[in-house]
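Asks: Chains as they are written, first to last, in the numbering used here: chain A, 3 to 377; chain B, 5 to 162; chain C, 57 to 239. From the three backbone atoms N, C-alpha and C, an ideal C-beta is built for every residue, glycine too. Please see the structure below; I have some questions.
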Amino acid sequence: MAELIQIASDEDRDTFYLNMGPQHPSTHGVLRLRLHLKGERILSAEPIIGYSHRAHEKMAENRNYIQFLPNPSRVDYLSGMIYSIGYCQAIEKAIGLEVPERAEYIRVICNELNRISSHLLWFGTFLLDLGGVTPFLYCFDDREKILDLLDLVSGSRLTYCYGRFGGLVNDVTDDFLEGTARFCTAFRERLREYDRLVTQNVIFRNRTIGVGVMRPELAQQFGITGPCLRAMGMARDVRRDEPYGIYDRFEFDIPTRTASDCFDRYLVRIAEMEQSMRIVEQALAKLPDGPIMAKKIPRKIAPAKGEYYFAVESARGHFGMFIVSDGSEIPYRIHLRTPSFANLSTMRTVLPGTLLADTVSILGSIDIVLPEIDR
Amino acid sequence: MSEASGLAAALAGIASLKTAEAPDAKSGCQGLHTVGREAIVEVGRVFREAGYMLEMLTALDMRAAEQAMHVVYQFNRFGAPDRHRVRVVVPAGEAVPSLADLFGSANWYEREAFDMLGVRFDGHPYLVRILTEEGADYHPLLKDFGVAPAAAEEAAGG
Amino acid sequence: MGRIKEIAKGARSLIGSMGVTLKHLKDEPVTVEYPAERAPISPLQRNAIRLIEKEETPGSHNCIACLQCEKICPSNCISITGYRPEGLAMKRPETFDLNFALCSECGLCLDVCPTATLGYTKVYDKAGYTRADFFHDLLEEYRETEEQVVEHLREADRRKKAEREAKRKAEAEAKAKEAGDAQ
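If you want it as structure tokens, here you go:
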């Protein structure tokens, strides 16, 4: 405890170092921030990461492509479905494997449900960071319904291993399809309620509007992606820019805002949930019959010698997989380019000059998931 | 389109830069380049001025085949992808100039590459480990960094 | 004046939020009193694996100790030793252990099982004090009946072999007859 707060020098008793985290409830996992403060104002901030490093990239080099299947969903446990299916799509593209239509549609439904659940958890915890406990409970109620739905098809609630090279493990049931349709209807009403509960709330507005503005030039400098980028006014989304799977068949908007403060990042995510629902509803309407696994799946999954890059849009931004193959069944190297890593590294520039209390809302608003940063 | 051709012209001006034949769609890249390490800062500047971001930076341990490390930079622009993968081949144990002055993201990416594969970056403001523990004497993603078999781990209580 | 406006705005937002809360007061509870009550679980939910009991012959399973699941398991949590009972075409497992502490419930072992013998248990809340609590002996429930089952399989094998022999004999005879007819 003695080292928690450190006075920098005797002459200047106002300046001191404060260690925030790694077990601070608003650092969303195990992030440590070393803050240099003058009074309440931040002079410099250094995020210190690595507390939940699990060496996923090293694991990849010690098992074959199939055995790496359970890992991606554990990299980012909040949008595990997107990661898990994204990894399958990356390998399918590398070995040129076609996926049946029905599987593609189910993948989209599951991905978008997962995106909503991830945003809901973010929404709840963000409000919790700012002191609002009630929305958290509502969000978790809704999120629970999504987890139940995904549990119905994949058998897991959080760390899905649902995708397989060439398709999916299980087909969807009628329960799932009806449940999803029901959820979409109910959730529209819930979103309106959230708007009344949170968006109009004076305390929330005061704590987010104009707080944590990211200057537009930071986007290029740091490679910011995802909702943070869209809150800067750039309508960039991997699903639109380089469509993977069958995302080019759906109509959806890319919500953007321009002020790039915490409030805008909040609005972008709320609007994104609405768009995800649009995609889910379209996919449900068009869901074709047929098999969910490709007919001819090679016994050995071994991409030809070379380097492959595949990107998907996770709930937090551009998730890229850089796969180096030496032609064998075991990857030579898999590098995971995770969105929060780049987004969090902006904190060194964004935080200085803000107030200590705003650190919590700024950190919350960029939606970091530490296991995804540390990998 | 003029932006892209401007970029191509600027890249052609760099003597040690070699551009490979148009890569196939599987690679996920629109341009593959190799460049000498002395010119990487120049390459970074060209991409930065063209409005590209440093999307990814990592290194590959190619010591077994070529006695060298590969540092892989990936630049991309916002919007429709125009991904350029630039590779710097560096003899094992030698340093590469840092891009941290050009791209904010390079700061952490280079720290990660140093931490995981031991590649040093000249001119980096704060090249310390980022993911593994402080003061460790290993670089886990090097090929000669072994993995304890599960049984041994179990016996050790890990 | 500005202050009054602010207070009015605050009050309005407060009332709006409270309205939402009040509206939900009449809702049914969405939680259950665990562990007295339990929420229904998905029929596909992944838990520890088990060997599925064969319907036609109770007390037996179909495992042929091919070690496919052991090989594919990313976390090395399955260990099997097989043996070949005398007079049996297929192997049988002598031990089939699962170290559930390492399992990540990816379901790859179910995918590769050629006889579809692996399934999931329904126990999702297992807790223990030591790691040994998570070593599952999957053959535990089958050990008593194993001898009977092997005897049964041997019988089945013998029958099959006899059938094959008979068939071959019949074919040979038919051929001989055909040849005789041709002459």
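Quick check: what's the CA-CA separation for residue 49 (chain A) versus residue 62 (chain B)?
Replies: Start at 1 with the first residue of the first sequence, and residue 49 (chain A) comes out as number 47. Start at 1 with the first residue of the second sequence, and residue 62 (chain B) comes out as number 58. If you take the alpha carbons of residue 49 (chain A) and residue 62 (chain B), they lie about 21 Å apart.
Asks: Taking CB distances under 8 Å as the criterion, tell me whether residue 128 (chain C) reaches chain A.
Replies: Position 72 of the third sequence holds residue 128 (chain C). At least one chain A Cβ lies under 8 Å of residue 128 (chain C).
Asks: Could you list the residues in the stretch 345-369 of chain A with a C-beta less than 9 Å from some C-beta on chain B, going in chain order?
Replies: 346, 347, 348, 350, 351
Asks: Quick check: what's the CA-CA separation for residue 374 (chain A) versus residue 347 (chain A)?
Replies: Residue mapping note: residue 374 (chain A) aligns to position 372 of the first sequence, counting from 1. Residue mapping note: residue 347 (chain A) aligns to position 345 of the first sequence, counting from 1. Approximately 13 Å, taken between the alpha carbons.
Asks: Under a CB-based cut-off of 8 Å, is residue 74 (chain A) close to chain C?
Replies: Your numbering for residue 74 (chain A) matches position 72 in the first sequence. Not one chain C Cβ lies under 8 Å of residue 74 (chain A).
Asks: Flag this pair as yes or no: are the beta carbons of residue 152 (chain A) and residue 90 (chain A) separated by less than 8 Å?
Replies: Translated into positions along the first sequence, residue 152 (chain A) becomes position 150. Translated into positions along the first sequence, residue 90 (chain A) becomes position 88. The answer is no: Cβ separation not under 8 Å.
Asks: Please identify, using Cβ separations under 7 Å, the residues of the stretch 231-249 of chain A that lie next to chain B, in order along the chain.
Replies: Flagged, chain order: 236, 238, 243, 244.
Asks: Please report the residue range of the beta strand (DSSP E) in which residue 308 (chain A) lies.
Replies: Residue numbering aside, residue 308 (chain A) sits at position 306 when the first sequence is read from its first letter. Per DSSP, residue 308 (chain A) belongs to the beta strand (DSSP E) from 308-316.
Asks: Helix, strand or coil for residue 208 (chain C)? Go by DSSP, reduced to three states.
Replies: What you label residue 208 (chain C) is simply residue 152 of the third sequence in a count that begins at 1. Residue state, collapsed to three classes: helix.
Asks: Is it buried or exposed for residue 25 (chain A), if we count other Cβ within 10 angstroms and need 16 for buried?
Replies: Working through the first sequence from its first residue, we reach residue 25 (chain A) at position 23. Exposed, by the Cβ-count rule.
Asks: Do you know how far the Cα of residue 121 (chain B) is from the Cα of residue 146 (chain B)?
Replies: To locate residue 146 (chain B), count along the second sequence from 1; it is residue 142. To locate residue 121 (chain B), count along the second sequence from 1; it is residue 117. About 6 Å.
Asks: If you draw a straight line from the alpha carbon of residue 23 (chain B) to that of residue 38 (chain B), how long is it in whole angstroms?
Replies: To locate residue 23 (chain B), count along the second sequence from 1; it is residue 19. To locate residue 38 (chain B), count along the second sequence from 1; it is residue 34. Spanning the two alpha carbons is a distance of roughly 6 Å.
Asks: Taking only the alpha-carbon atoms, compute the straight-line gap between residue 93 (chain B) and residue 106 (chain B) and give it to the nearest angstrom.
Replies: Position 89 of the second sequence holds residue 93 (chain B). Position 102 of the second sequence holds residue 106 (chain B). Looking at the two C-alpha atoms, the distance is approximately 20 Å.
Asks: Using DSSP bridges, identify the partner residues of residue 48 (chain A).
Replies: The sequence position of residue 48 (chain A) within the first sequence is 46, counting from 1. According to DSSP, which records beta bridges pairwise, residue 48 (chain A) is partnered with A:36.
Asks: Is the beta carbon of residue 290 (chain A) sitting closer than 8 Å to the one on residue 107 (chain A)?
Replies: If you number the first sequence from 1, residue 290 (chain A) lands on position 288. If you number the first sequence from 1, residue 107 (chain A) lands on position 105. Yes; because the gap between Cβ atoms is below 8 Å, this pair is in contact.
Asks: Apart from the five residues on each side of it in sequence, which residues of its chain come closer than 8 Å, Cβ to Cβ, to residue 59 (chain A)?
Replies: Translated into the one-based positions of the first sequence, residue 59 (chain A) becomes position 57. Cβ neighbours of residue 59 (chain A) beyond the five flanking positions: 335, 336, 337, 338, 377.
Asks: With distances taken from CA atoms, which of A:95, A:267, A:279 is nearest residue 32 (chain B)?
Replies: Translated into the one-based positions of the second sequence, residue 32 (chain B) becomes position 28. The shortest CA-to-CA distance from residue 32 (chain B) to any of A:95, A:267, A:279 is the one to A:95.
Asks: Whole angstroms is fine: what's the gap from residue 161 (chain A)'s alpha carbon to residue 10 (chain B)'s?
Replies: Within the first sequence, numbered from 1, the residue matching residue 161 (chain A) stands at position 159. Within the second sequence, numbered from 1, the residue matching residue 10 (chain B) stands at position 6. Computed Cα separation, rounded: 45 Å.
Asks: Where do the N-terminal and C-terminal ends of the beta strand (DSSP E) with residue 136 (chain B) fall, by residue?
Replies: Reading the second sequence from its first residue, position 132 is the one you call residue 136 (chain B). Run containing residue 136 (chain B): none; DSSP gives neither H nor E here.
Asks: Does the Cβ of residue 80 (chain C) have 16 or more other Cβ atoms within 10 Å, making it buried, or fewer, making it exposed?
Replies: By 1-based counting over the third sequence, the position of residue 80 (chain C) is 24. Exposed is the call here.
Asks: In its own chain, which residues sit with a C-beta less than 6 Å from the C-beta of residue 137 (chain C), not counting the 5 before and 5 after it?
Replies: Along the third sequence, one-based indexing puts residue 137 (chain C) at 81. Excluding positions up to five away in sequence, the list reads 150, 151.
Asks: Whose Cβ in chain A lies nearer than 9 Å to the Cβ of residue 107 (chain B)?
Replies: As a working note, residue 107 (chain B) is residue 103 in the second sequence. Listed by position along chain A, the residues whose Cβ is nearer than 9 Å to that of residue 107 (chain B) are 222, 223, 224, 225.
Asks: Return the residue from the list A:88, A:360, A:357 that minimises the CA-CA distance to residue 71 (chain A).
Replies: Start at 1 with the first residue of the first sequence, and residue 71 (chain A) comes out as number 69. Among A:88, A:360, A:357, the Cα nearest to that of residue 71 (chain A) is on A:88.
Asks: Give every residue of the same chain whose Cβ lies closer than 6 Å to the Cβ of residue 206 (chain A), excluding the five residues on either side of it in the sequence, and list them in chain order.
Replies: Here residue 206 (chain A) corresponds to residue number 204 of the first sequence, with the count starting at 1. Excluding positions up to five away in sequence, the list reads 200.
Asks: With three or more beta-carbon pairs closer than 8 Å as the criterion, would you say the stretch 264-279 of chain A touches the stretch 108-119 of chain B?
Replies: Output reads no: the stretch 108-119 of chain B does not touch the stretch 264-279 of chain A.
Asks: Per DSSP, residue 116 (chain A) forms a beta bridge with which residues?
Replies: For the purposes of this step, residue 116 (chain A) is taken as residue 114 along the first sequence, with counting starting at 1. Note: residue 116 (chain A) sits in no beta bridge, so no partner.
Asks: Please go through the stretch 193-269 of chain A and give each complete alpha helix (DSSP H) segment of 4 or more residues, from N-terminal end onward.
Replies: 204-210, 219-224, 229-232, 240-243
Asks: Please list the residues of the stretch 193-204 of chain A that have a C-beta atom closer than 9 Å to any C-beta atom in chain C, keeping them in chain order.
Replies: 195, 196, 198, 199, 200, 202, 203, 204
Asks: When the Cα of residue 50 (chain B) is compared with those of B:81, B:124, B:129, B:71, which residue comes out closest?
Replies: Mapped onto the second sequence, residue 50 (chain B) falls at position 46. With distances taken between Cα atoms, residue 50 (chain B) lies closest to B:81.
Asks: Could you please give me the residues that DSSP links to residue 146 (chain C) through a beta bridge?
Replies: Counted from its first residue, the third sequence places residue 146 (chain C) at position 90. BP columns for residue 146 (chain C) are empty, so no partner.
Asks: Hey, how far is the Cα of residue 64 (chain C) from the Cα of residue 214 (chain A)?
Replies: Within the third sequence, the letter at position 8 stands for residue 64 (chain C). Within the first sequence, the letter at position 212 stands for residue 214 (chain A). Looking at the two C-alpha atoms, the distance is approximately 27 Å.
Asks: Does the stretch 299-312 of chain A come close enough to the stretch 129-148 of chain A that 3 or more CB-CB pairs lie under 8 Å?
Replies: no
Asks: Looking only at C-alpha atoms, which of A:313, A:329, A:351 sits nearest to residue 66 (chain A)?
Replies: For this step, residue 66 (chain A) is matched to residue 64 along the first sequence. Out of A:313, A:329, A:351, A:329 has the C-alpha closest to the C-alpha of residue 66 (chain A).
Asks: Residue 121 (chain C) to residue 227 (chain C), Cα distance in whole Å?
Replies: Position 65 of the third sequence, counted from the start, is the residue given in the question as residue 121 (chain C). Position 171 of the third sequence, counted from the start, is the residue given in the question as residue 227 (chain C). Residue 121 (chain C) and residue 227 (chain C): Cα-Cα distance of roughly 35 Å.
Asks: Residues in the same chain with beta-carbon distance under 6 Å from residue 62 (chain A), minus the five sequence neighbours each way, listed in chain order, please.
Replies: The residue given as residue 62 (chain A) occupies position 60 in the first sequence. Answer for residue 62 (chain A): 70, 333, 336, listed in chain order.
Asks: Compute the beta-carbon to beta-carbon distance between residue 245 (chain A) and residue 104 (chain A), rounded to the nearest angstrom, for a pair I have assumed lies under 8 Å.
Replies: Looking up residue 245 (chain A) in the first sequence gives position 243. Looking up residue 104 (chain A) in the first sequence gives position 102. The pair is not a contact, with the Cβ atoms about 19 Å apart (cut-off 8 Å).
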